[in-house]
Structures are given as structure tokens and as C-alpha cells.
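For the sequence shown, the positions run 9 to 688 when the UniProt record's numbering is used.
For reference, the structure discussed in these notes is given below.
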Amino acid sequence: INLFPALSLPQLNEKQREALLATQGPLLVLAGAGSGKTSVITRKIVYLIKEKQIPARNIVAVTFTNKAAREMKQRVSKLAGSNATQGLTVSTFHNFGLNFIRREYKKLGMKSNFTIFDDQDTLALLKDLGFKEAESDKQLLFRLQQQISAWKNDLILPEQAINYAKDQEQLIFSKVYEKYARSMKAYNAVDFDDLILIPTLLLRDDPEVREKWQNKIRYLLVDEYQDTNTSQYELIKHLVGQFGSFTVVGDDDQSIYSWRGARPENLDQLAKDYPNLQVIKLEQNYRSYGRILKAANVLIDNNPHVFEKKLWSDKPYGDPLKVVTCPNEDAEAEKVVTEIISRKVRTKNGRYSDFAILYRGNHQAKIFERTLIANNVPYKISGSTSFFSRAEIKDIMAYLRLLTNPDDDNAFLRIANTPRRGIGPTTLEQLGSYANMRHISLFAATQEIGLEQHLQGKGLENIRRFADLISRASDNAERGDSVGVIHDLVARIGYHSWLHETSSTPKAAEYRWNNIQELLGWVEKGIDDNEHDPNPFAAAVANLMLRDMLDRNEKEEEESNEVQLMTLHAAKGLEFNHVYLVGMEEEFLPHKSSIENDDIEEERRLAYVGITRAQQTLTFTLCKKRSKYGEVMACEPSRFLEELPQDDLDWDAKRKPLSEEEQEQLASDNISMLKSLFAD
Ligand code: ATP
Ligand code: MG
């Protein structure tokens, strides 16, 4: 049966159809890359609405990135019509959690204007919690942050953490965790992990809320299930209930988020928790040419396997996969960009968006970016320097945060003296110690008479004037025309001239000013989108904060004609005609830290994800030498290259150790590098 004859969609295969028609009870689709797992979810949503008459508002689909969610929503609307999809939820776990909290904040004993803290905010807070060693030791601070996050992802609460502490350090961390949780409450703030943890705990502990949500969600679908962590899995279970119907799809070979608490064991657990679980395996890959698929299969065979999976393709076999060895990183970038240009020219209707450059770490992007610019090739980098990490955006976001939640101390500190208004560090310190003593927020402290014993003169006057500005704007924003109020505030603080004062050129200042206009446009749209929320302004700001964290730099997608640059992690679920997997060297892929921790399997899965993004051609590049840690160093080809079927590879250079001449060159490169370091 073709369910959508008018739309000339590809026919589903037998197994896919089975997965689509299984609408009673729990279903797991376990299958390798490119076998149509995501396609099944998309088509199944349409089927549930159109054929099963389940109202769209009773269907929830969860995907891994905002980009994936947006694409899925668009495709469903196209297939089912936008009327039929009114009220459909397609979102990331975190977005779902945010909306849940916004609906249930009263039950949670929270205020509706809560702030979401990003990584930098939580780091600042952790540093502030009186844990002396962490103030100077950045690594320790990161470990602390990660440990707290890991506990949260495992549903371990502050008062329980002490029982899970494995050593002296974790014991200290568990105490900081308690303090941290109390402070977050005082700030009326939640962090990224809380967006999952808080709904999960409420659903677990409150039968009334649980029943309400289980009634609302008649069908749940989850993509990339192998990357869910413990709290996400618990969330799923509470949402669907004991007898719920759901479809989850995943691939254990693509589990690449264990460092963020993901538990591929959740695939196993599902069968234990739901004895009536139906499991369907898909075996045909529709994405990649045969040789690419074979390479992927051979590589991943080096990992131990819990689930047996086969994957075949009836696409053409394709050309051998090129392995290009370059003298250094400049040559590598040059080579890749030149190839992209010439291949595009040679291809009929070739578009730059058919090409992707994938790498292990964001730091690898810069040199490709530079080379693309130099060659006038349009490109797009996902997930690196963010719109939201720009100073001007952080400033105005801090104003918005403070307007919705005056207890947000991080926001307060960021803008108290931006633009400059005579509030120096000493004033802020005195205000801070008073607030600490009184256990209140900085903003609340400005309102107390008692402050006058600690702070006088100009400092006091200026800080009160600032607080006044904020509280007046905040009152007005709540009363109505919030957009007008914000524009007025930005004008009142003289932000435009501040930009001109602090930018290198007038042109740069105007560029930054335009960014702010764009941000304010989003706020306006967010307020419209949330018109039914009791506080649309707070809802709009909360959505923007989350969006910032989820997809740094994923601005509105338009059909683009740009070369795509992204990390392997960000490439999950996507496909491109031509893929360049760059930096195929030991210490890059597998990553240095994974080699040290003997965690090669996850790196191999990452390589598998990268390879299986390619549809027609796949090129690996690597360097003989590159600058690392301030030194030019010789590089080793990635061990994964050797694990691939050599008959299907086309090495452009015989692999051999550096020649004497090359070694000399390396030494002299190092000397000139040292010279340049000390030159000025
Ligand atoms: P990944 O594991 O990488 O997320 P996936 O299993 O989700 O992959 P999809 O992205 O859904 O796979 O599908 C891969 C490609 O195969 C897509 O281009 C999709 O349109 C196509 N495809 C899926 N099913 C069929 C089918 N039955 N006939 C033809 N093409 C199909
Ligand atoms: Mg997919």
C-alpha cells in the first residue's frame, strides 16, 4: 500500500511498513545508518493523524537537535497539511522539558519568570560558591561542573550524591552540589540538565500530573534513542505509562554521547521494562553507495556487538574512497576546497550544499573557513561561534533576563556597568557582600535601606539609578507593549553610541547594532508565538535562552547553497552527497583524551557516523605535520584508516615515515615557529 500516492514518496519496504502500522503497544526499531529510521518516524506521524485519526495535539515526537525537529515538522506539515498538524509537538527533549516546566511551574513551586543558566552562568556560580581551590583551577572547576551534570543525568539528587561519591574529590563536589542547588533556587534559575530532571521528578512523584500528561500524550515517538540518558529514559517511561504506545528508533553503533550521560544500555533496558516490546530491524540502506557502506560495516565490526545487524544497499558500488595525505594543515584545507570547487563545476546542477566538511573538534574549522573565504566559496558552520556568544547579544539578553527575573545575579553583574554608568568593581563587591549576608539577590539588595550602611555616595546613587531603570522597564513590560519597552530601554541606555565607542570601526558597530535588531525581532516573534502563555514576554525570553544553548548558531534554515562545516557530533542524522572527513590522524580521531582513557570504541562509532553521512563520495584527508600545542609535530594516520577495507581505499601516497629531508624541514619549521612566538 502506498499511503500517500499523490505525493510520489518512495514506497516503504516491508519492514518499514510493519513499523509504520504497529500502532498498539511499544515498538523499537533497531537499525543501522541510513535505513530509514527517521523517515519511518516522519511518515508514522502522518499515518497516525491521517489514518488513525489521532489528533495532532496528542502526538509528541522527540528528536535530538532543533534542526532535526524543524525539518521533521516541516515534512509532516507538507504531507498532512498544516491544518491537520496544529498542536503537534516535535521538539528536542530539552524543549519539551522547558514547555513542561512552563505549564507546571505552580506545581513545582517555581515562579513563571525563571531563568535558564547556560554553561558559563553555571561556571560563574560554581566559582562563587566558596570552593576556594576551584577559583584558580579551571580544570577542577570543569570537573565539578561535569560531575554535577552527570549526577543530574543519572537522577541523583544533591542529598543523595554523597552516597555516590567515589573519592575525596567527589565528596567535596557532593557538598558543592547541595549549595549549588540551593543557590539556583534562590536565583529562580534552572540549568540545562534541570529541564529534563525537573519534569521527570514531578511526573514520578505526582500521580495527578502524571495522569494528565499520560492522557494528553496518546502516542510518543523518539528518534536517536541510543543517545538518551537515564533521566531522559525515565521521562519517556513516565510519559507513556505502563501500557503506553510508543515508537523509539535507534542504532547502538551510533551512540556518541556517553560523555554526556547517554546510556546505550537503555536499548536493552527497554525490552526488560516492556515485556511486550516489539522489535523491528531494518536492513536496507538507502543512502550510501555500496563501497561507502561496506567501509562503514567493516570498520564498526571492530567493536563488540550486542545486537546483530546487517546492512546492504542496492545503490551503485561507487569509486574507491580517497585518502589524501597533505604536507600540513594549510595544504589540507587548500586541497579540500579546490576539490570541492572543481567537483561542483564538473557536476550538472551541482550545489555547494551537496558538500560537507566534517571534523572531530570545532577548533579544526577555522583554517577551512579561512580558505573557503579566500576562494569565495559560500559556507555555513554549524555549532561553533554562536550568534548568542557575541558580546552585544549577551548584553541585551542579560537585560531581557533581568527584566523577566530580577533575581538573576549573573545577568545583573554583566550589565550593571554596561554601558558604563559609574558602577565600579568595589561598589559591586560591597553590594555583593551585603546581599550575601542577607541571603538575597543583588537586585533585592539595592532596594533595602540596610545597604546604606555598606555603600554610600556616588556608588549607591548609581546602583540605585540602575535598579530603578530595570524595575520601571520591567513593570511596563509586564503591563503590555513589552516590545516597545525593550526598544525604549535599549535607546535609554545609549547602547547604540556605546557600540560605536567600543567597536573598532563604525561599520563594525553598525553590524553589531543589526544583530541586536535581529534579536529584538526574535523576541517580538516569540511573544506572538506564546500569546496564550500567562507571561508571553517571559516565555519568549526563556525560549531564546534555550535556543542559544541547543543550537548555537542554528539560525533559521533556508534552502542554502553553502558548503556545510560541522563536527561529527553535529552531523548525526544528516546526509550529504560528498563528504570530506578531515584530520584523519591519531589524537584527532581517535581523540587524544580517548586514547589516554582507552575509550576507542566510542571514537570508532564517531567515525562510523561520519562515514555513513556520505551518499556518493567520501574523501579522507590527513596531514603529515601540523601545528599543535604551539609546536609543529609529525602526525600519525588514524588507526581507523587501517581498519578500513584497503581494497576500497585509494591512497594517494604510500604511507611511509618522514624522509630525512622532511625531518629536517620539520625541525626548521619548529625553529621558525619558536622565533615567531618570541618575535613581539
Ligand atoms: P541515520 O541512522 O543516519 O539517522 P536513518 O535510519 O534515520 O539514518 P533516514 O535518514 O530516514 O535514515 O533515511 C536515509 C535516506 O534513505 C533518506 O534520504 C531517505 O529519504 C531514504 N529512504 C528511506 N526509506 C526509503 C525507501 N523505502 N525507499 C527509498 N528511499 C528511502
Ligand atoms: Mg535518522
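From the three backbone atoms N, C-alpha and C, an ideal C-beta is built for every residue, glycine too.
Asked	Found
Limits of the unbroken beta strand (DSSP E) element including residue 258	254 to 258
DSSP state of residue 123 mapped onto helix, strand, coil	strand
Residue 94, DSSP secondary structure in three states	coil
DSSP beta-bridge partners of residue 288	37
Beta-bridge partners of residue 237, as assigned by DSSP	270
Secondary structure of residue 388, DSSP reduced to three states	strand
Proximity test, residue 41 beta-carbon vs ligand 1 heavy atom, cut-off 7 Å	yes
Whole-angstrom distance between residue 497 and residue 1, CA atom to CA atom	One cannot answer for residue 1 here, as it falls past the ends of the chain, which runs 9 to 688.
Residue burial classification, residue 267 (beta-carbon count within 10 angstroms, cutoff 16)	exposed
Cβ separation of residue 760 and residue 319, assumed to be a contact under 8 Å, to the nearest whole Å	Outside the modelled stretch of the chain, which goes from 9 to 688, sits residue 760, for which no answer is possible.
N-terminal and C-terminal residue of the alpha helix (DSSP H) that residue 412 is part of	399 to 412
Residue 574 classed as buried or exposed, judged by whether at least 16 other C-beta atoms fall within 10 angstroms	buried
Residue range of the unbroken beta strand (DSSP E) whose run includes residue 639	639 to 642
Residue 528 vs residue 478 beta-carbon contact at 8 Å	no
Helix, strand or coil at residue 355 [DSSP, three-state]	coil
Under 8 Å between C-beta atoms of residue 329 and residue 56	no
Cα-Cα separation, residue 341 to residue 53	42 Å
Ligand 3 heavy atom lying under 7 Å from the CB of residue 45	No copy of ligand 3 occurs in the structure displayed; its ligands are ligand 1 and ligand 2 alone.
Ligand 1 heavy atom lying under 7 Å from the CB of residue 295	yes
Classification of residue 27 by the beta-carbon crowding that lies within 10 angstroms, buried from 16 upward	buried
In DSSP terms, what residue 332 is bridged to	629
Rounded C-alpha distance that separates residue 287 from residue 147	43 Å
Cβ-Cβ distance between residue 442 and residue 468 below 8 Å	no
Under 8 Å between C-beta atoms of residue 162 and residue 236	no
Contact test: residue 305 Cβ vs ligand 1 heavy atom, cutoff 7 Å	no
beta-carbon residue 483 near ligand 2 non-hydrogen atom, thresh 7 Å	no
Helix, strand or coil at residue 607 according to DSSP, with G and I counted as helix	coil
Which of helix, strand or coil DSSP assigns to residue 584	strand
Burial state of residue 325, where buried means 16 or more other Cβ atoms lie within 10 Å	exposed
Backbone CA spacing between residue 263 and residue 97 [nearest angstrom]	25 Å
Assigned exposure category for residue 355 - 16 Cβ within 10 Å defines buried	exposed
Residue burial classification, residue 399 (beta-carbon count within 10 angstroms, cutoff 16)	exposed
Length of the line joining the Cα atoms of residue 250 and residue 282	8 Å
Residue 593, DSSP secondary structure in three states	strand
Residue 367, DSSP secondary structure in three states	strand
Bridge-paired residues (DSSP) for residue 67	227
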